[in-house]
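Worksheet for the structure shown next.
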Amino acid sequence: MENAHTKSATEVLDNFGVNENTGLTQEQVKVSVERYGPNGKSLWELVVEQFEDLLVRILLLAACVSFVLALFEEGEETTTAFVEPIVILLILIANAVIGVWQERNAENAIEALKEYEPEMGKVYRMNRKAVQRIKARDIVPGDIVEVAVGDKVPADIRLTSIRSTTLRVDQSILTGESVSVIKHTDPVPDPRAVNQDKKNMLFSGTNIASGRAIGVVIATGVTTEIGKIRNQMASTEQEKTPLQQKLDEFGQQLSKVISLVCVAVWVINIGHFGDPVHGGSWVRGAIYYFKIAVALAVAAIPEGLPAVITTCLALGTRRMAKKNAIVRSLPSVETLGCTSVICSDKTGTLTTNQMSVCRMFVVDKVEDSNCSLHEFSITGSTYAPEGQILKGDIPVNCGDYDGLLELATVCAMCNDSSLDYNEAKGVYEKVGEATETALTTLVEKMNVFKSDLSGLSKVERAGACNSVIKQLMRKEFTLEFSRDRKSMSVYCTPVKPGSQSKMFIKGAPESVIERCQYVRLGTGKVALTPALRDQLLSKIREWGTGRDTLRCLALATHDTPPRKEVMDLENSSKFAQYELGLTFVGCVGMLDPPRKEVIGSVRLCNEAGIRVIMITGDNKGTAVAICRRIGIFGEEEDVVGKAYTGREFDDLPAEAQRDAVKRARCFARVEPAHKSKIVGYLQSFDEITAMTGDGVNDAPALKKAEIGIAMGSGTAVAKSASEMVLSDDNFSTIVAAVEEGRAIYNNMKQFIRYLISSNVGEVVCIFLTAILGLPEALIPVQLLWVNLVTDGLPATALGFNPPDLDIMDKPPRNPKEPLISGWLFFRYLAIGGYVGLGTVSAATWWYLFDDEGPQVTFYQLRHFMQCTEDNPLFKGVECEVFESRYPTTMALSVLVTIEMFNSLNSLSENQSLLRMPPWVNIWLLGAIILSMSLHFLILYIEPLPLIFQVTPLHWSQWIVVLKISFPVILLDEALKYISRNHLEDQRGFCSATVEHGVESKGRSILKTFSFGDRHAIADIALPLHTREREASVGRPVFFRKREGAWNTGHISGRRLIPPHVQPVADARLSGGVSAVGARGNPRRAPCVCARGASERDTPPDSPRPTGAQRRGSNAPERSLGQITLMSHFEKQFAGEQRKYFHREVWLRDLRRDQRLSPVESTVESSLFDVHQAFMSQL
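Each residue of the sequence shown is one higher than the one before, counting from 1375 in the working numbering.
And the structure:
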């Protein structure tokens, strides 16, 4: 039934043709509830999925071709020819097994939803006069269902009557609301109402917290709200991670290059198909060169790459598990490194999902019409009865305040909930309603009777102080909460005879205070005047609308209640009459508090350039207040255009919604569909989105986001829809996981580049031998051994490289940035070219120069296929020598050794081995030793030499191997030097020499250093922050480029360094600016000026811009971006808003705020890089 919440109960009953008292007839019951979730994928489908990767398919094709060719081999090669395809197939099978195991072990998100399907339901049907219990799956729309406290709602139900004073429902798993919701039967006229506002509806899977009610089923199975979530999850396709996309692109490019090169090699050698070595058979020659082409394909494919990536990710997951981040999807580890937005649920994620009283007050004294208050704050943010009561910042003994004694009594007695210690989980949990449990915890913290709690167990501690109070008073009955009077009360009689019975009341402050006639002062009371009432309500409104947006409850007593015999407890409309003439005791303010560590975590996210967005089902005021407390919003920040409710967001047109998602940092009163829509918009901006959550309502968005992060205490649905689970429910663990993800990606780049450069070398080797007509230097089984084992071990060890120190000071990387840039590709070609040339040279050296070799001529070597006994050109040469194992052994040994040296080059992309020595990664040294040991094994231990077609080498030959291999380090050091000292300067003046001045006690202290020299920067930073800082307060400090280096440009700055070290810097650019090109040559850039200052703002010795350098005669003479630089750097130095330290965010802000032209942005970028290089070191 559509919009049942807008209809009256009678209309809904009539729609289904049912009577509330009798229920459906047997004829009306037609179908049972649809079962949740489609069947899972078959095992065969999972196996097939493992072969969808393009690189894996190329390997599979190579294995099949090799297997076919092996069938045609003759002689002793018949057995060894099958080694290559069998090894490749074993690798692919192992990968498939691992993948299937991973898939089968992952929980099924749809199956997990059954956790929230109640097994039984209570219905009225005509075939039975009384209520009957049936299986929940047999309930159909139109059934009359009864629910009571403790029940799980079996379907979506429109309430028709409430059979108790009040009905409370905990629907946090669906809506994210942190407190139970009071329900009613009245129509909700808004057809667009969100689930939170449908107060006359019960939703499948939610729990009845208190009360009893009757309703009619309007939706079952997949048509329920929780069923819609299931459908949404089932229809969400899993996107590939950025790394997977790059590897797919690499695989496509690789397949094209391999095909082209293989065809080229085969075509080039068509003229050799009929050489004598092939017995004059053109077909045998064609097959021989086809084998070479296949060998080339095997050499070009990095067979070990999938295994090494899997190993690196697995090792990363182990490290993350130690930090309480459990990774369910290996590829998501890498995705964490480029996360740019975290969309976080509020309840249970940013907050504890444990209501906690944080403030309270009682009246101290009343003078005339004014009153003063005793205000207290309470520490502790969970249900644990651990915390202090503070007045100001000083702990107090609550027993010393009479008002607090009575306040604790009201909290303990006017309460149907309790606290329980879960020994299995080791935490305190609520039993009952969250608000009342918060009051129970408050009483335990107050300990007004100063009970000795030291010897109690945690189980006993859960209710020790409450039990003391309950031993003094006996609860007779409860007047349940009702919507009209907005309060509840309990009637209590003292255990000690002769004392007066009392009523204790708690409820909405406006309603309770309106019925109060007195105010409690110590053990007495005074009349509550209108002026006093206004003062109390003003204070409560301040708590409810200020920074905290607390949920306030007023506490009161009725010192002389009516006798219980004359009270009509069956008529709730009379309850308000019994609660007149009350005495106001005090007020408590509570909230679902933020987790302690969240504030620091949000700040770290800002520093790492990651935007945090709160998405919650709670109301907007509470959401914004929490955002201010944890740093998503500033204390005084205007949230217009930055915080939306679900309704406000829906009212915007599509384009405005897109713009809103760009700016917004808080969404409140949202439904599951909103969360997925927001994630979708963010993904359309190429943002890499992480979604955190713990409830069923979070599951669709968790699955849609690139990274779904579930809380360990969350629902099974949320966990199964996520890529990562935080076992400690700690938001700060996300920051540690992002840091680990960034480090893993950096390390993966290193070993991917290492493996690719190795394969380039192998391709060059085979290509050279094919083009020059030389004998085979390497055979496929040797290439396979190198790619999988000897290269694989160092590549895996590179995954242990230590992370960069500034890894969390950088913005998230662009997921579209290429894995291999143009310069890096050139480096791979250079290194790979040397590897290939060195390998071929080793084999050629044995033929031409080795004392134990044949010492043939180079011409004879190139034309070895024409060698016959009758050929005069090969007189004195035994043709069998061209089938010797020595040259392939030399080539293989050089290839392995040169790759070991090359792995040392991969410790850092640009840092020299002199700065980053090999022992920074002890695992790499171990891998190199192991790889060389394995290489010696196949050379010297039978029958391995036969399988790999190698032979033992002599010492003299090993010396040649080392001589050929070592220069690869020198070559890469030269390329790194070029990268560091020439190419990086394209991004700014990183190597500028700077004169630094500090005016101290009337004299100038000058120091000179380079932006690119860390030692010099550290040298200047120390005195700047210690000896000179006090003398520098209020003094100008200038930074100036030395003459000639920037032509007519300069940078100046003013620096204020207070004793607590919070420097403020501004930078100005005047005159012309030159940037350093790729070859270090200065190039001119236009002068850029901005509004608002004159040249006198610059130092006296600053060069003045010429007319040609100005954009016009009326252009003001102040540098571009001075104010922006000042504010951003000030925040950076103060440790706040460090995201503006990053280039991308900074320039984006400038373009939006100051509308810079592209030319201006380029110049501003260069200016920024100068300051980035220096200021990041301070």
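Ideal Cβ positions, reconstructed from N, Cα and C, are used throughout, including at glycine.
Practice problem: Determine the direct distance from the alpha carbon of Lys1876 to that of Ile1374, and round the result to whole angstroms. | Solution: Absent from the model: residue 1374. The displayed extent of the chain is 1375 to 2552, so no value can be given.
**Asked** Three-state secondary structure (DSSP) at Ala2030?
**Response** helix
query: If you check the beta carbons only, do Leu2222 and Leu2235 fall under 8 Å apart?
result: yes
Quick one: complete alpha helix (DSSP H) runs, 4+ long, within the region 1863-1895? 1883-1888
* CB-CB length for Pro2074 against Lys2049, believed under 8 Å -> 7 Å
7 Å CB neighbourhood of Met1941 in its chain, flanking five on each side removed: Tyr1952
**Study point:** As assigned by DSSP and simplified to three states, the class of Cys1712
**Key:** coil
For the beta strand (DSSP E) containing Ser1792, name the first residue and the last one. 1792-1796
(message) Please classify Arg2485 as buried or exposed, where buried requires at least 16 other C-beta atoms within 10 Å of its C-beta.
(response) Here Arg2485 scores only 31 on pLDDT, less than 50, and its place in the model should not be relied on; the value that follows carries that caveat. Label assigned to Arg2485: exposed.
Pick from Gly1761, Arg1977, Val1555, Leu1628: whose alpha carbon is nearest that of Val2109? Arg1977
>> Can you tell me whether Ser2195 is buried or exposed? The criterion is at least 16 other CB atoms within 10 Å of its CB, across all chains shown.
In response: exposed
What is the C-beta distance between Cys1961 and Val1998, in whole angstroms, given that I count them as a contact (C-beta under 8 Å)?
Not confirmed; about 22 Å, so no contact.
- Query: With burial defined as no fewer than 16 other Cβ atoms inside 10 Å of the residue's Cβ, what is the status of Ser2426: buried or exposed?
  - Reply: Low per-residue confidence applies at Ser2426: pLDDT is 28, beneath 50, and the placement is therefore not dependable enough to give any value.
**Request:** Tell whether a beta-carbon distance below 8 Å holds between Val1805 and Ser1792.
**Result:** yes
Could you tell me the alpha carbon to alpha carbon distance between Leu2281 and Leu2172, rounded to whole angstroms? 7 Å
**Asked** Between Leu2344, Arg1835, Lys1860, Thr1867, which lies nearest to Ile1887 when the distance is taken from Cα to Cα?
**Response** Lys1860
Worksheet item: What's the call for Val2450, buried or exposed, on a 16-neighbour Cβ count within 10 Å?
Response: Low per-residue confidence applies at Val2450: pLDDT is 26, beneath 50, and the placement is therefore not dependable enough to give any value.
message = What residue range does the beta strand (DSSP E) around His1932 cover?
response = 1925-1932
For the 8 Å Cβ check, are there 3 or more pairs between the region 2128-2148 and the region 1636-1645?
yes
**Message:** Just verifying my parser: in three-state terms, what is the DSSP assignment at Gln1570?
**Reply:** helix
Worksheet item: Would a C-beta distance cut-off of 8 Å place Ala2151 and Thr2262 closer than the cut-off?
Response: yes
The beta strand (DSSP E) spanning Cys2040 covers which residue range? 2040-2042
Among Leu1910, Lys1381, Ser2353, which one has its Cα closest to the Cα of Phe2200? Ser2353
Q.
In the DSSP assignment, the alpha helix (DSSP H) including Ser1730 goes from what residue to what residue?
A. Per DSSP, Ser1730 belongs to no alpha helix (DSSP H); it is in the beta strand (DSSP E), 1730-1741.
- Task: Give the DSSP-derived three-state secondary structure of Asn2133 in the structure shown.
- Result: helix
The region 1996-2014 in contact with the region 1929-1939 per 3-pair CB rule at 8 Å: no
Stretch pair the region 1864-1879 + the region 1966-1981: three plus CB contacts closer than 8 Å = no
* **For Val2209 and Ser2132, believed in contact at Cβ under 8 Å, the rounded distance** => 7 Å
Practice problem: Under 7 Å Cβ to Cβ from Leu2026, same chain only, skipping five residues before and after it: list those, please. | Solution: Ala2034
query = Is it true that the CB of Val1392 sits closer than 8 Å to the CB of Ile1513?
reply = no
Give the C-beta separation of Val2138 and Leu2211 to the nearest angstrom, bearing in mind that I take them to be a contact with Cβ-Cβ under 8 Å. 7 Å
- Query: Going by C-alpha distance, which of Leu1830, Leu1846, Leu1628, Pro1676 is nearest Leu2162?
  - Reply: Pro1676
Would you call His1379 buried or exposed, if buried means 16 or more other Cβ atoms sit within 10 Å of its Cβ?
-> buried
**Asked** What are the boundary residues of the beta strand (DSSP E) that Tyr1498 is part of?
**Response** 1494-1498
Which residues mark the beginning and the end of the alpha helix (DSSP H) in which His2572 is found?
-> The requested residue 2572 is not part of the displayed model; the chain covers only 1375 to 2552.
Note to self: Among the candidates Pro2317, Leu1463, Leu2266, Asp1388, whose CA atom is the shortest distance from the CA of Ile1518?
What the structure shows: Asp1388
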